[in-house]
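Heads up: the structure comes next, in structure tokens.
Number of protein chains: 2
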Amino acid sequence: MLTNKVTDLLNIKYPIIQAPMAGGVTTSELVAAVSNHGALGMIGAGYLTADQMREQIREIKKVTSKSFGVNLFVPTKFTVSFDAIKSSNETLQSIRDELNLPPRDQVVLPSYIEAMASFEEQIQVILDERIAICSYTFGLPSNEIIGQLKEHSIIQIGTATTVQEALEAEKRGMDLVVIQGIEAGGHRGNFINEFEESQIGLMSLIPQVVDVVSIPVIAAGGIMDGRGLLASLCLGAKCVQMGTAFLTCVESGAPDIHKEAILHATEDQTVLTRSFSGKWARGVKNKFIDETQPHQLSFPDFPIQNTLTQDIRKVSGSQKNLAFMSLWSGQSPRLAKSQTVETLIQTVMAEVSNLKQNL
Amino acid sequence: MLTNKVTDLLNIKYPIIQAPMAGGVTTSELVAAVSNHGALGMIGAGYLTADQMREQIREIKKVTSKSFGVNLFVPTKFTVSFDAIKSSNETLQSIRDELNLPPRDQVVLPSYIEAMASFEEQIQVILDERIAICSYTFGLPSNEIIGQLKEHSIIQIGTATTVQEALEAEKRGMDLVVIQGIEAGGHRGNFINEFEESQIGLMSLIPQVVDVVSIPVIAAGGIMDGRGLLASLCLGAKCVQMGTAFLTCVESGAPDIHKEAILHATEDQTVLTRSFSGKWARGVKNKFIDETQPHQLSFPDFPIQNTLTQDIRKVSGSQKNLAFMSLWSGQSPRLAKSQTVETLIQTVMAEVSNLKQNL
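Protein chains in written order, with full-length UniProt numbering: chain L, 1 to 359; chain A, 1 to 359.
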């Protein structure tokens, strides 16, 4: 079960994918270390321009000959509500004051058309650089794009939070699907189901998906060690995707205070919020979440809210002030360790061997 | 791993406990069938009087010589808010009209003191009838009661939703602890952590609890088959507690329309609500939940809200009208089957054997 069609397909030794965490976590060092040690490294390219993506891909190619993947955010339609923007700006004002940030009178908001154009530039880089594996979050691209990547034999991976979304990924031609349990850190990947309908624990989600979907399933959410890996395989997944476990590794680009926040957090301290970006995401509770929580349902959609909070997150980070940063984490922070990628992967696989013998 | 200290302690062949579902589900036929087929049957005695409990215990003793357990609701302090009662009655009025039920001008509300007296009567029955295993939901009883049961060598099981609650169960002398993941159907068992902090998926919760707590852990929530059982053991649990899987068995006392609702539900259709009872609980979405959802935070605490909705649930059930019944279910309804207890238990154990060989 440990080496299977999926490890063959992804050309990896172990059924482990490093989750493509966007926003600077997936440094070239991290991605290369993961791929060099037998798992699949992934660039979280959601917030990168095509040029930044190309640059990082070339950098990684210099330090590993192993395959690695790239994850893209599929642009989603969103509503520009001036009331929502006003509500957000009003709520954020006291935080801006505290950080000595000017009020947000003018802001350049992204448009869906611009986002689509950027996405197509990113796709072109995937094709030009002959990337072996491309995964998608927040939905699936057009049939045309999916077909283009298929022609180039690029393996495509969808992200789903429910059976219905996994079925859609299969129907639209994905080779594999990541199913994201409610345990997962960072952004929720639901794209058909509403947020309320897509909060399903992996213990329930994995078997219900694999019973219905024919493509191989990758389990994601709260998996940190050999116990989580073997449990996911028992439930029917063929591979796992681990985020938080890699985020606290020394090679990850997450700020040290973000890593420390996870290393000191407990399982009851992560929370789902839409205050940072306009999409629901899980992170360690802090002052920003507490203060914005009562108003979060009135904030604008992603990526508008993300733009409105950008300077707050940036300044808070540069001041090494946890209070207003997005401290993404899954529900298993007690299992996080500060270690190298090599140690993490080797420990996970040793745990799996031990566990199997004692079952 | 399959027979272990816990199966020895509970005197069962298989590491499976039938969840003590209150409200008529755990018929004597169900409990006896479970115990007779190698797992642990449990009476959900939360809503039973001491006399009803004694009667059922004696009935079960006639049809099984195997050990079985009883679960009690530990009375919790609650606030009587007239505003909350008014809000609830106003919201429920349109439902009462639809069911031709009279308005609720007067209602006999339970008091904490009465609930405590009833609880102590229940404990006396446990002692008198020499019940082998007693589990608690919604908290833990007094040290005096715990000590009394210990003197009689009764095995006591706490219910926890977080590491902190599991530690408290251990500290207070529980022999084992059920940890309830967010996947679980019916009432949430949180008693120290707030609802918002205690929504943790089993993939995260089991390993984080077993790393810290010394007493054996029983996993509960969304576990329906051999995959879930073996996955729970991989994560560090010693035993599982299954609710929904037993609820749809032919021996269970759940109304047929409740069973059918689960058998036709999908994983994205269960939801957490406090509208039925004043405590958060998971069930299949229906008209009652939809209509009360916007107001649920203003409803009174358990058990007041439970009393206020009692006639609605009863009449809805007797009219075989799903719309206003509490259709408790975990997050894995796609895995539910209409079958006998014997078939369920044998299938689960056969699946475990097969899975172990293919790992």
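Note that the Cβ used here is the ideal one computed from N, Cα and C, for glycine as well.
State the start and end residues of the unbroken alpha helix (DSSP H) segment that holds residue i.
i, result
"A/Thr343", "341 to 358"
"A/Gln148", "143 to 151"
"A/Val34", "28 to 36"
"A/Gly228", "226 to 235"
"A/Arg274", "First-last for A/Arg274: undefined, no H or E at that position."
"L/Ile157", "It is not in any alpha helix (DSSP H) - L/Ile157 instead sits in the beta strand (DSSP E) that spans 155 to 160."
"L/Asn306", "304 to 308"
"L/Gln208", "202 to 210"
"A/Val163", "163 to 171"
Would you tell me roughly how many angstroms separate the C-alpha atoms of residue i and residue j, rounded to the nearest one?
i, j, result
"A/Leu99", "A/Arg313", "10 Å"
"L/Asp311", "L/Ala254", "17 Å"
"A/Ile266", "L/Asn11", "Reading the sequence as shown, one finds Thr at residue 266 of chain A and not Ile. Distance between the alpha carbons of A/Thr266 and L/Asn11: 35 Å."
"A/Ser94", "A/Ser153", "51 Å"
"A/Thr343", "L/Pro294", "49 Å"
"L/Leu359", "A/Val240", "15 Å"
"L/His37", "L/Ile218", "19 Å"
"A/Asn286", "L/Ile192", "20 Å"
"A/Ala45", "A/Ile126", "11 Å"
"A/Asp71", "A/Ile43", "The question names Asp, yet the displayed sequence has Asn at residue 71 of chain A. About 6 Å."
"A/Leu308", "L/Ile145", "56 Å"
"A/Pro103", "A/Met116", "29 Å"
"A/Ala261", "A/Ser232", "27 Å"
"L/Ser214", "L/Glu170", "8 Å"
"L/Leu355", "L/Ile179", "24 Å"
"A/Leu235", "L/Asp97", "46 Å"
"L/Pro141", "L/Gly69", "17 Å"
Quick check on residue i: does DSSP put it in helix, strand or coil?
i, result
"L/Val177", "strand"
"A/Cys249", "coil"
"A/Gly41", "strand"
"A/Val80", "coil"
"A/Leu48", "coil"
"L/Gln331", "coil"
"L/Ile218", "strand"
"A/Val108", "coil"
"A/Gln240", "Here the sequence assigns Val to residue 240 of chain A, which means Gln is not the residue at that position. Residue state, collapsed to three classes: strand."
"L/Arg282", "strand"
"L/Lys259", "helix"
"A/Lys61", "helix"
"A/Val6", "helix"
"A/Asn89", "helix"
"A/Ser316", "helix"
"L/Pro103", "coil"
"L/Pro300", "coil"
"A/Val25", "coil"
Return the first residue and the last residue of the beta strand (DSSP E) that residue i is part of.
i, result
"L/Arg188", "No beta strand (DSSP E) contains L/Arg188, which DSSP labels as neither H nor E."
"A/Ser135", "133 to 137"
"L/Asn71", "68 to 73"
"L/Ile16", "16 to 18"
CB residue i to CB residue j, shorter than 9 Å?
i, j, result
"A/Ser326", "L/Ser204", "no"
"L/Leu101", "L/Ser67", "no"
"A/Thr91", "A/Glu351", "no"
"A/Lys279", "A/Arg130", "no"
"L/Val163", "L/Pro216", "no"
"L/Thr159", "L/Tyr136", "yes"
"L/Val341", "L/Phe195", "no"
"A/Leu263", "A/Lys320", "no"
"A/Gln156", "A/Leu149", "yes"
"A/Asp268", "L/Glu197", "yes"
"residue 361 of chain A", "L/Leu202", "Residue coverage of chain A in this structure runs from 1 to 359, which leaves residue 361 of chain A outside it and unanswerable."
Out of the options, state which residue places its alpha-carbon closest to the alpha-carbon of residue i.
i, options, result
"A/Ser35", "A/Gln106, A/Gln18, A/Gly317", "A/Gln18"
"L/Phe78", "L/Asn89, L/Val210, L/Leu48, L/Ile304", "L/Ile304"
"L/Asp301", "L/Asn4, L/Ser88, L/Glu29", "L/Ser88"
"L/Thr244", "L/Ser65, L/Ser277, L/Ile223", "L/Ile223"
"A/Gln339", "A/Ser81, A/Ser252, A/Leu48", "A/Ser252"
"L/Phe119", "L/Ser81, L/Val108, L/Asp51, L/Thr64", "L/Asp51"
"A/Gln56", "A/Thr76, A/Ser81, A/Leu30", "A/Leu30"
"L/Ser298", "L/Val108, L/Asp256, L/Ala84", "L/Ala84"
"residue 365 of chain L", "L/Arg334, L/Gly221, L/Asp256", "There is simply no residue 365 of chain L to check, as chain L begins at 1 and stops at 359 in what is shown."
"A/Ile182", "A/Ala33, A/Phe73, A/Pro141, A/Gly330", "A/Gly330"
"L/Gln296", "L/Ser316, L/Arg274, L/Val284, L/Arg282", "L/Arg274"
"L/Val25", "L/Tyr14, L/Asn190, L/Leu48", "L/Leu48"
"A/Phe288", "A/Ala220, A/Asn306, A/Phe324", "A/Phe324"
Of all Cβ atoms in chain C, is any one closer than 9 Å to the Cβ of residue i?
i, result
"L/Gln269", "Among the chains of the structure shown, chain C does not appear; the protein chains present are L and A."
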